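Student:
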Amino acid sequence: MENKKPLVSVIMNCYNSDKYLREAIDSVIAQTYQNWEIIFWDNQSTDSSAEIVKSYDDKRIHYFYAPNHTPLGEARNLAVKKAAGEWIGILDCDDIWHENKLEVQLESASDEIGMIYSRVEFLLEDSGRSSVMGKSIKKTYYPKLDELPSGDVFDKLLYECFIPLPSVVMRRNLFEKVGGIDSSLKVAEDYDIFLKIAKISGTLAIDDVLCKYRVHGGNLSHENIDVTFSESIALVNSYSNYMQVSSHRMYWKLKYGKNLIRQGRFLKLFLTALTINPIVFLKYLLKK
Numbered sequence: 064m065e066n067k068k069p070l071v072s073v074i075m076n077c078y079n080s081d082k083y084l085r086e087a088i089d090s091v092i093a094q095t096y097q098n099w100e101i102i103f104w105d106n107q108s109t110d111s112s113a114e115i116v117k118s119y120d121d122k123r124i125h126y127f128y129a130p131n132h133t134p135l136g137e138a139r140n141l142a143v144k145k146a147a148g149e150w151i152g153i154l155d156c157d158d159i160w161h162e163n164k165l166e167v168q169l170e171s172a173s174d175e176i177g178m179i180y181s182r183v184e185f186l187l188e189d190s191g192r193s194s195v196m197g198k199s200i201k202k203t204y205y206p207k208l209d210e211l212p213s214g215d216v217f218d219k220l221l222y223e224c225f226i227p228l229p230s231v232v233m234r235r236n237l238f239e240k241v242g243g244i245d246s247s248l249k250v251a252e253d254y255d256i257f258l259k260i261a262k263i264s265g266t267l268a269i270d271d272v273l274c275k276y277r278v279h280g281g282n283l284s285h286e287n288i289d290v291t292f293s294e295s296i297a298l299v300n301s302y303s304n305y306m307q308v309s310s311h312r313m314y315w316k317l318k319y320g321k322n323l324i325r326q327g328r329f330l331k332l333f334l335t336a337l338t339i340n341p342i343v344f345l346k347y348l349l350k351k
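Here the working numbering is used: the first residue of the sequence shown is 64, the next is one more, and so on.
#1: Could you name the residues of the same chain whose beta carbon sits closer than 6 Å to that of Gly136, not counting the 5 residues immediately before and after it, in chain order?
#2: With a threshold of 16 other CB atoms inside 10 Å of the CB of His175, please say whether the residue is buried or exposed.
#3: By a C-beta neighbour count over all protein chains shown, 10 Å radius and 16 as the cutoff for buried, is Lys207 buried or exposed?
#4: With a 10 Å radius around its C-beta and 16 neighbouring C-beta atoms as the bar for buried, classify Ile263 as buried or exposed.
#5: Drop a sphere of 10 angstroms on the beta-carbon of Lys117, count the other beta-carbons inside from all chains shown, and report buried for 16 or more, exposed for fewer.
#6: Out of Ile159, Lys318 and Ser80, which has the shortest C-alpha to C-alpha gap to Ala93?
#7: For Leu211 and Ala142, I'd like the C-alpha separation in whole angstroms.
#8: Please confirm whether Arg277 and Trp150 have their CB atoms less than 8 Å apart.
#9: Can you tell me the Cα-Cα spacing of Leu169 and Tyr254, whole angstroms?
#10: To the nearest angstrom, how far is the alpha carbon of Leu186 from that of Asp105?
#11: Below 8 Å, can you find three or more Cβ-Cβ pairs linking the stretch 113–132 to the stretch 223–231?
#12: Rounded C-beta distance between Ile269 and Ile153? I'm assuming under 8 Å.
#13: If you follow the beta strand (DSSP E) that Leu186 is part of, which residue opens it and which one closes it?
#14: Look at the Cβ atom of Val216, then the Cβ atom of Thr266, and state whether they are nearer than 8 Å.
#15: Per DSSP, Ile269 is paired with what?
#16: Is the distance from the Cβ of Gly148 to the Cβ of Leu220 below 8 Å?
#17: Exposed or buried, which one is Lys164 when buried takes at least 16 other CB atoms within 10 Å?
#18: Can you give me the start and stop residues for the beta strand (DSSP E) that Glu100 sits inside?
#19: Who pairs with Tyr128 in a beta bridge, going by DSSP?
#20: Anyone know if the C-beta pair for Ile88 and Arg139 falls short of 8 Å?
#21: Can you tell which of Ser171, Gly214 and Ser181 has the C-alpha that lies nearest to the C-alpha of Lys275?
#22: Taking the beta carbon of Ser301 as the centre, do at least 16 other beta carbons fall within 10 Å, making it buried, or is it exposed?
#23: Can you tell me which of Ser72, Asn76 and Asp289 puts its alpha carbon nearest to the alpha carbon of Thr133?
#24: Going along the chain, which residues of its own chain have a beta-carbon closer than 6 Å to the beta-carbon of Tyr78, five neighbours each way excluded?
#25: Under DSSP, the beta strand (DSSP E) around Ser112 begins and ends at which residues?
#26: Quick one: is Asp155 buried, meaning 16 or more other Cβ sit within 10 Å of its Cβ, or exposed?
#27: DSSP on Tyr78, reduced to helix/strand/coil?
#28: So, with DSSP's three-state summary, where would you put Lys68?
#29: Which residues does DSSP list as the beta-bridge partners of Ile151?
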């Protein structure tokens, strides 16, 4: 029976996200796996987001209005505190789940697995094109992967964040065990929780496209990309007492340099090179 299946809490954090919101919620309602709840955390939106959510007559959708506007990391934690599910998935208001996503992932779960992810289809808003994760796509910082890592992925994850947020479901008890997300993080809150959970449990990759990840001006802005790399490098450094992370840190800085070249930001590139070894840095970039 349906009620014997684990409850999945779908965490939706919102701040003025009405443009694609209905499409995102509809993709949850359409799931073939129906034992879910939506925890909708409104971070004091001023658009029509609240009206859209409240228009749904579904008792599984729970709306919460934040008493204070907070950084995204803190908002994620506050939403998870309202969740009742054994598993949690995070769906941003501009992304879309395929209707079989939860069913495929929950059927594949086992006791040693704490996190499950899949491939995604990137939707490039500016051009209208799409690309499946695993193929080279210049306008995202996700790597090209012919085979998705599974099992103990912690070391690989320190080198690069290859897990797309909308594809993930994770065990709520592990989220709570590791203390949730660093509440100060503005952008890399997903990388933070992925590292924490991968360090203490197994990760399972589903080699299918199970969701659509929208790529647009907001998440491609120079400021967002700069903060992403800055926070990611800081997260890698935070594990320096646990293991040697110099090569992981170098890899992130080189990757940041490649992004700066694509953007034509050569002064920032030069300053980044000075923090590593300029000769090694430039030789690496010229090979790419």
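Note that CB positions come from ideal geometry on N, CA and C, so glycine has one too. None of the values given here were measured: they were computed from a predicted structure.
Tutor: Let me spell this out:
#1: Looking up residue 136 in the sequence shown gives position 73. Around Gly136: Ile244, Asp245, Ser246, Leu248 and Glu252.
#2: For the purposes of this step, residue 175 is identified with residue 112 of the sequence shown, where counting begins at 1. In the sequence on display, residue 175 carries Glu and not His. Answer is exposed; the Cβ neighbour count stays below 16.
#3: As a working note, residue 207 is residue 144 in the sequence shown. Answer is exposed; the Cβ neighbour count stays below 16.
#4: Residue mapping note: residue 263 aligns to position 200 of the sequence shown, counting from 1. Classification of Ile263: exposed, given that the 10 Å Cβ count is below 16.
#5: Stepping through the sequence shown from its first residue, residue 117 is reached at position 54. Classification of Lys117: exposed, given that the 10 Å Cβ count is below 16.
#6: As a first step, residue 93 is located in the sequence shown; it is residue number 30 there, counting from the start. Selected option, being the one with the closest Cα: Ile159.
#7: Locating residue 211 in the sequence shown gives position 148, where the first residue counts as 1. Locating residue 142 in the sequence shown gives position 79, where the first residue counts as 1. Distance between the alpha carbons of Leu211 and Ala142: 29 Å.
#8: The residue labelled residue 277 in the question sits at position 214 within the sequence shown. The residue labelled residue 150 in the question sits at position 87 within the sequence shown. Cβ atoms of Arg277 and Trp150: not closer than 8 Å.
#9: By 1-based counting over the sequence shown, the position of residue 169 is 106. By 1-based counting over the sequence shown, the position of residue 254 is 191. Using only the alpha carbons, I get a separation of about 22 Å.
#10: Position 123 of the sequence shown, counted from the first residue, corresponds to residue 186. Position 42 of the sequence shown, counted from the first residue, corresponds to residue 105. Cα-Cα distance, rounded: 24 Å.
#11: no
#12: Counting from 1 along the sequence shown, the entry for residue 269 is found at position 206. Counting from 1 along the sequence shown, the entry for residue 153 is found at position 90. Going by Cβ atoms, the distance from Ile269 to Ile153 rounds to 16 Å, so no, they are not a contact pair.
#13: Here residue 186 refers to the residue found at position 123 when the sequence shown is read from its first residue. Leu186 -> beta strand (DSSP E) spans Ile176 to Leu187.
#14: Mapped onto the sequence shown, residue 216 falls at position 153. Mapped onto the sequence shown, residue 266 falls at position 203. It is a contact, given that the beta carbons lie within the stated cut-off.
#15: Here residue 269 refers to the residue found at position 206 of the sequence shown. Partner(s): Ser181.
#16: As a working mapping, residue 148 is identified with position 85 in the sequence shown. As a working mapping, residue 220 is identified with position 157 in the sequence shown. No, the pair does not count as a contact, with Cβ atoms beyond the cut-off.
#17: Translated into the one-based positions of the sequence shown, residue 164 becomes position 101. With 16 or more Cβ atoms within 10 Å of its Cβ, Lys164 is classed as buried.
#18: By 1-based counting over the sequence shown, the position of residue 100 is 37. Start and end: Trp99 to Asp105.
#19: In the sequence shown, residue 128 corresponds to position 65, counting from 1. Tyr128 is bridged to Asp105.
#20: Translated into the one-based positions of the sequence shown, residue 88 becomes position 25. Translated into the one-based positions of the sequence shown, residue 139 becomes position 76. No; because the gap between Cβ atoms is not below 8 Å, this pair is not in contact.
#21: On the sequence shown, position 212 is the one that residue 275 refers to. Answer by Cα proximity: Ser181.
#22: On the sequence shown, residue 301 is found 238 positions in, with the first residue counted as 1. Its Cβ having fewer than 16 others within 10 Å, Ser301 is exposed.
#23: One-based indexing of the sequence shown puts residue 133 at position 70. Thr133 has its Cα closest to that of Asn76, out of Ser72, Asn76 and Asp289.
#24: Indexing the sequence shown from 1 puts residue 78 at position 15. Excluding residues within five positions, the ones whose Cβ falls inside 6 Å are Asn106 and Ser108.
#25: If you number the sequence shown from 1, residue 112 lands on position 49. No beta strand (DSSP E) holds Ser112; the alpha helix (DSSP H) holding it covers Ser112 to Lys117.
#26: Counting from one through the sequence shown, the residue named residue 155 turns up at place 92. Label assigned to Asp155: buried.
#27: Here residue 78 refers to the residue found at position 15 when the sequence shown is read from its first residue. In this structure, Tyr78 counts as coil in the three-state DSSP scheme.
#28: For the purposes of this step, residue 68 is identified with residue 5 of the sequence shown, where counting begins at 1. Reduced to three states, the DSSP call for Lys68 is coil.
#29: Reading the sequence shown from its first residue, position 88 is the one you call residue 151. In the DSSP output, where bridge partners are listed per residue, Ile151 has Ser72 and Met233.
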